[in-house]
Amino acid sequence: MEKRSRRIDVLIMLSIFSVLMAIGGCNSGKDMLASRTGVIPEAGLQKPTTGIVIDHSCTKLDRIPEQWIHAAKANLHIAYGHTSHGSQLVTGMEGLVRFKGPLYAFNKSGTGGALDLRDTPFSEPYMDLGYPDRNKWEKETRIYLKSHPEVNVVIWSWCGQVDASEAEIDLYLHLMTALERDYPNVHFVYMTGHLDGTGLRGNVHRRNEQIRVYCRANNKILYDFADIETWNPDGVYYGDKYPNDNCDYSRQGDGKRDGNWAIEWQKAHEEGVDWYKCESAHSQPLNANLKAYAAWWLWARLAGWDGR
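Quick note: to get our numbering, add 18 to the position in the sequence shown (first position is 1).
This is the structure:
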């Protein structure tokens with residue numbers, strides 16, 4: 019009787035398992051496809067349930083699993099608005115293709131298996147978050163999304179205008195939150211502004227902190243442009259040495275800039291092996307290198323990588 023009872027229990031469990039497999043067949047198939055190919059089907063692309071912060075700790079390119087590079091290329095359709103400082107992401111990514119090869123290819127349509135990154139696609143291309151009309155970028159975003167519903171990532175950068183009032187940064191945060199509410203299937207990426215040499219007591223640092231605090235408290239996606247400019251690849255911190263966007267810093271921390279952490283690092287490491295030359299508006303190649311590595315970390319995270 020005991021053996022018969024166990025046999026019945028096994029049959030019941032198998033029946034339940036079969037029903038569950040039938041119900042979840044479609045999702046299971048997608049999961050199996052992802053495990054075999056490393057590419058997550060677009061229908062399975064989900065918004066992260068917790069916030070994502072992309073900062074100096076996200077600049078180790080070799081830590082990004084290749085399958086998530088492919089997943090980003092397969093699933094993301096990115097619209098990126100910026101002016102000169104924000105171009106560092108794009109020129110760094112262009113240099114990365116020459117440095118590392120077609121795995122990191124991108125173009126404005128995603129053709130040929132490349133990442134679909136639409137560089138300044140808006141009707142007024144020379145515009146950023148600090149445009150004189152501080153609502154303009156948000157209006158342009160809505161217009162573009164209306165005619166391009168396939169876009170699922172929107173990212174805008176600052177130039178120098180993060181040196182603003184607390185109320186102006188609050189406006190930016192409010193507009194971003196409204197976009198998230200109205201376009202729930204789109205990833206909106208927040209960004210800090212570049213360093214300006216005024217240090218930890220300067221207004222730029224305070225406004226960047228305002229953005230960081232809001233993003234962390236509300237589980238937003240943040241590309242921390244300023245933080246990436248604050249550390250060299252070896253993890254040496256320069257934030258207390260009045261660094262600026264060119265990577266100049268004060269060796270003594272007295273505000274008199276007499277060093278450049280990017281140039282110093284480049285001289286100590288082999289070009290073409292540890293770093294690569296590329297255009298880097300207002301700055302040094304290494305800065306754009308790091309911005310590109312962090313950008314791919316962001317794309318991989320948005321495609322579903324957990325960052326570990």
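Cβ atoms here follow ideal geometry from the backbone N, Cα and C, with glycine treated the same way.
I'd like to know whether the C-beta atoms of residue i and residue j end up nearer to each other than 8 angstroms.
| i | j | result |
| --- | --- | --- |
| Y267 | Y255 | no |
| V172 | F124 | no |
| I239 | G69 | yes |
| Y98 | D137 | yes |
| H95 | G128 | yes |
| A312 | Y208 | no |
| L213 | T248 | yes |
| P93 | A321 | First, the amino acid is wrong: residue 93 is Asn here, not Pro. Cβ atoms of N93 and A321: closer than 8 angstroms. |
| N307 | C265 | no |
Based on the DSSP output, what are the partners of residue i in its beta bridges?
| i | result |
| --- | --- |
| A97 | R136, V172 |
| M145 | DSSP output for M145 lists no bridge partner at all. |
| F117 | BP columns for F117 are empty, so no partner. |
| G277 | Y267 |
| N262 | D214 |
So what does DSSP say about residue i, is it helix, strand or coil?
| i | result |
| --- | --- |
| E158 | helix |
| D245 | helix |
| E198 | helix |
| L218 | coil |
| W314 | helix |
| D9 | Any answer about residue 9 is impossible in this case: the structure gives the chain only from 19 up to 326. |
| L240 | strand |
| V71 | strand |
| Y256 | coil |
| V207 | strand |
| A286 | helix |
| A123 | coil |
| E297 | coil |
Mind checking residue i: buried by the 16 CB within 10 Å criterion, or exposed?
| i | result |
| --- | --- |
| G211 | buried |
| E156 | buried |
| K78 | exposed |
| G43 | Annotation note: pLDDT 32 at G43 (below 50); position unreliable, coordinate value reported separately. Answer is exposed; the Cβ neighbour count stays below 16. |
| S298 | buried |
| R225 | buried |
| I161 | exposed |
| G271 | exposed |
Let me check you understand the geometry: is the CB of residue i closer than 7 angstroms to at least one non-hydrogen atom of the ligand NAP?
| i | result |
| --- | --- |
| L107 | This structure lacks the ligand NAP; in fact it carries no ligand of any kind. |
Are at least three pairs of beta-carbons, each pair with one atom in the stretch 299–318 and one in the stretch 72–90, less than 8 angstroms apart?
Below 8 angstroms, enough C-beta pairs join the stretch 299–318 and the stretch 72–90 to call them touching: three or more.
Does the pairing of the stretch 191–201 with the stretch 120–128 give three or more beta-carbon distances under 8 angstroms?
No, because fewer than three Cβ pairs between the stretch 191–201 and the stretch 120–128 fall closer than 8 angstroms, the two stretches do not touch.
Using 8 angstroms as the threshold, is the stretch 130–142 in touch with the stretch 175–189, meaning 3 or more CB pairs across them?
For the pair of segments examined, the stretch 130–142 was found not to touch the stretch 175–189: the number of CB pairs separated by less than 8 angstroms stays below three.
Between the stretch 104–117 and the stretch 285–304, can you find at least three pairs of beta-carbon atoms closer than 8 angstroms?
These segments touch.
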